[in-house]
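Participant: Residue numbering for the sequence shown is 27 to 269, as defined by our numbering.
Each residue gets a CB set at the ideal place from its N, CA and C atoms; glycine is no exception.
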Amino acid sequence: MSDALRVLSPNPVVLEAVPLRIEPDEVLRFQGYKKGVVASDEVLALFDDAMARGQQLMAPRVVYRSTPVVGQSADLIETGGERLRIPEIGRLWGPLTAVGAGICTVGLAIEESVRSLFDQREFPLAVMLDSVGSAAVESLAEYANDLLCQLALGDGLRVTNRISPGYAGWATAEQEALFRLCPGAPIDVTLNTACFMSPVKSITFLVGIGPEARVDHYFSQCRRCWMRDCAYRRAPAASTVHR
Ligand code: SF4
27 MSDALRVLSP NPVVLEAVPL RIEPDEVLRF QGYKKGVVAS DEVLALFDDA MARGQQLMAP
87 RVVYRSTPVV GQSADLIETG GERLRIPEIG RLWGPLTAVG AGICTVGLAI EESVRSLFDQ
147 REFPLAVMLD SVGSAAVESL AEYANDLLCQ LALGDGLRVT NRISPGYAGW ATAEQEALFR
207 LCPGAPIDVT LNTACFMSPV KSITFLVGIG PEARVDHYFS QCRRCWMRDC AYRRAPAAST
267 VHR
């Protein structure tokens with residue numbers, strides 16, 4: 027699966043059959059639970075049911091492509107014919123030689139099942155399954171970020187933490203530019219004119235790449251990285267390393 031992936035891959039590469047691990051805390055966070063709060067037995071039973079359904083339904087896939095950076099300033103990255111206006115990116119990521127754009131999805135089946143559960147008025151289970159889907163696609167994006175980091179370090183390159191249009195001041199409208207950098211078609215993800223993706227449980231990401239790219243600029247990436255036995259680990263994992 028990861029054999030085909032190269033950090034500087036100039037063509038779209040698809041990762042399939044990713045060994046996803048969904049963290050219960052992450053699912054409950056989407057339900058509004060604060061870290062450390064113990065859910066009731068009823069909620070935990072719903073969670074178990076939703077997790078079992080989610081595991082059956084999800085089809086995690088990632089498409090990824092890298093493009094060289096041809097220009098960079100405080101709030102701008104020029105790459106692949108696009109001008110990405112990202113606030114403070116020069117300070118946050120430092121000098122880059124390339125970027126990597128990716129799209130992650132867990133597929134349509136989860137949202138179809140959520141819709142069907144709503145139709146059957148199974149509201150708590152529908153909402154919990156929706157949270158499982160959200161946690162799963164977050165986990166998938168983290169996995170892709172971690173895998174790229176690990177592959178890059180072997181080549182003397184650094185990969186930053188991921189960012190996405192619509193977050194931290196980066197305009198949602200630049201989702202279109204991201205799709206031009208990395209097409210969603212190889213994993214059947216589409217973008218409509220309002221910049222909503224289908225399947226809904228999809229995430230785009232951009233990472234910076236370069237020998238002097240800044241990592242750990244606001245949290246230590248290694249602390250939440252699940253790459254087991256990484257020879258380059260800069261900090262111990264904050265929780266059990268699952269991969
Ligand atoms: S442990 Fe740290 S260096 Fe290794 S892949 Fe994870 S984030 Fe990168």
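Would you say the beta carbon of R141 comes nearer than 7 Å to a heavy atom of the ligand SF4?
Facilitator: Start at 1 with the first residue of the sequence shown, and residue 141 comes out as number 115. Not under cutoff, so the answer is no.
Participant: Who does P102 pair with in a DSSP beta bridge?
Facilitator: The count along the sequence shown starts at 1 and reaches residue 102 at position 76. The residue you asked about is not Pro; residue 102 is Leu in the sequence shown. S99 and R111, per the DSSP bridge assignment.
Participant: Three-state secondary structure (DSSP) at V267?
Facilitator: Numbered from its first residue, the sequence shown carries residue 267 at position 241. Annotation note: pLDDT 48 at V267 (below 50); position unreliable, no value reported.
Participant: If I'm right that G80 touches I136 with Cβ under 8 Å, what's the distance once you round it to whole angstroms?
Facilitator: In the sequence shown, the residue the question calls residue 80 occupies position 54. In the sequence shown, the residue the question calls residue 136 occupies position 110. Contact holds; Cβ gap of about 6 Å.
Participant: Give me the Cα-Cα distance between A152 and L183, rounded to the nearest whole angstrom.
Facilitator: Numbered from 1 along the sequence shown, position 126 holds the residue referred to as residue 152. Numbered from 1 along the sequence shown, position 157 holds the residue referred to as residue 183. Rounded to the nearest angstrom, the two C-alpha atoms are 43 Å apart.
Participant: DSSP three-state label for V69, please.
Facilitator: Along the sequence shown, read from residue 1 onward, the residue named residue 69 stands at position 43. DSSP places V69 in helix when its eight states are reduced to three.
Participant: Would S92 pass as a contact of G116 if the rule is Cβ separation under 8 Å?
Facilitator: Position 66 of the sequence shown, counted from the start, is the residue given in the question as residue 92. Position 90 of the sequence shown, counted from the start, is the residue given in the question as residue 116. No, the Cβ-Cβ distance between S92 and G116 is not below 8 Å.
Participant: If you run the structure through DSSP and keep just helix, strand and coil, what is P94?
Facilitator: Walking along the sequence shown from the start, residue 94 turns up at place 68. Strand, per DSSP.
Participant: Could you check what DSSP says for T198 in three-state terms: helix, strand or coil?
Facilitator: For the purposes of this step, residue 198 is identified with residue 172 of the sequence shown, where counting begins at 1. T198: helix per DSSP, three-state reduction.
Participant: Could you please give me the residues that DSSP links to R184 through a beta bridge?
Facilitator: Position 158 of the sequence shown holds residue 184. R184 pairs with G236.
Participant: Going along the chain, which residues of its own chain have a beta-carbon closer than 7 Å to the beta-carbon of P225, five neighbours each way excluded?
Facilitator: Position 199 of the sequence shown holds residue 225. Only T131, G133, L134, E137 and V215 meet the Cβ criterion.
Participant: Within its chain, find whatever has a CB closer than 7 Å to the CB of G195; leave out the 5 residues flanking it on each side and keep chain order.
Facilitator: Here residue 195 refers to the residue found at position 169 of the sequence shown. Taken in chain order, the residues that qualify are P113.
Participant: Heavy atom of the ligand SF4 less than 7 Å from the Cβ of L166, yes or no?
Facilitator: Residue mapping note: residue 166 aligns to position 140 of the sequence shown, counting from 1. False, no ligand heavy atom lies under 7 Å from that Cβ.
Participant: Could you name the residues, in chain order, whose CB is less than 7 Å away from a heavy atom belonging to the ligand SF4?
Facilitator: Listed by chain position, these are D172, C175, Q176, L179, Q247, C248, C251, M253, C256, Y258, R259 and R260.
Participant: With contact counted as at least three CB pairs below 8 Å, one residue from each stretch, are the stretch 162 to 179 and the stretch 94 to 109 in contact?
Facilitator: Short answer: they don't touch.
Participant: Take E108 and list the residues in its own chain whose beta-carbon comes closer than 7 Å to its own, dropping the five residues that flank it on each side.
Facilitator: Residue mapping note: residue 108 aligns to position 82 of the sequence shown, counting from 1. Here the set comprises A203, R206 and L207.
Participant: Between the Cα of A85 and the Cα atoms of L102, Q57, V44 and E52, which residue gives the shortest distance?
Facilitator: Numbered from its first residue, the sequence shown carries residue 85 at position 59. The candidate whose alpha carbon is nearest that of A85 is V44.
Participant: Which residues mark the beginning and the end of the beta strand (DSSP E) in which L134 is found?
Facilitator: The count along the sequence shown starts at 1 and reaches residue 134 at position 108. Where L134 is concerned, there is no enclosing beta strand (DSSP E), given that its DSSP letter is neither H nor E.
Participant: Inspect the beta-carbon positions of L31 and L46 and report whether they are closer than 8 Å.
Facilitator: For the purposes of this step, residue 31 is taken as the residue at position 5 of the sequence shown. For the purposes of this step, residue 46 is taken as the residue at position 20 of the sequence shown. Not in contact: L31 and L46 (Cβ atoms no closer than 8 Å).
Participant: Pick helix, strand or coil for S35, following the three-state DSSP scheme.
Facilitator: Within the sequence shown, residue 35 is the residue found at index 9, counting from 1. Correct three-state label for S35: coil.
Participant: Nearest-angstrom Cα distance between S142 and I48?
Facilitator: To locate residue 142, count along the sequence shown from 1; it is residue 116. To locate residue 48, count along the sequence shown from 1; it is residue 22. Roughly 23 Å separates the two Cα atoms.
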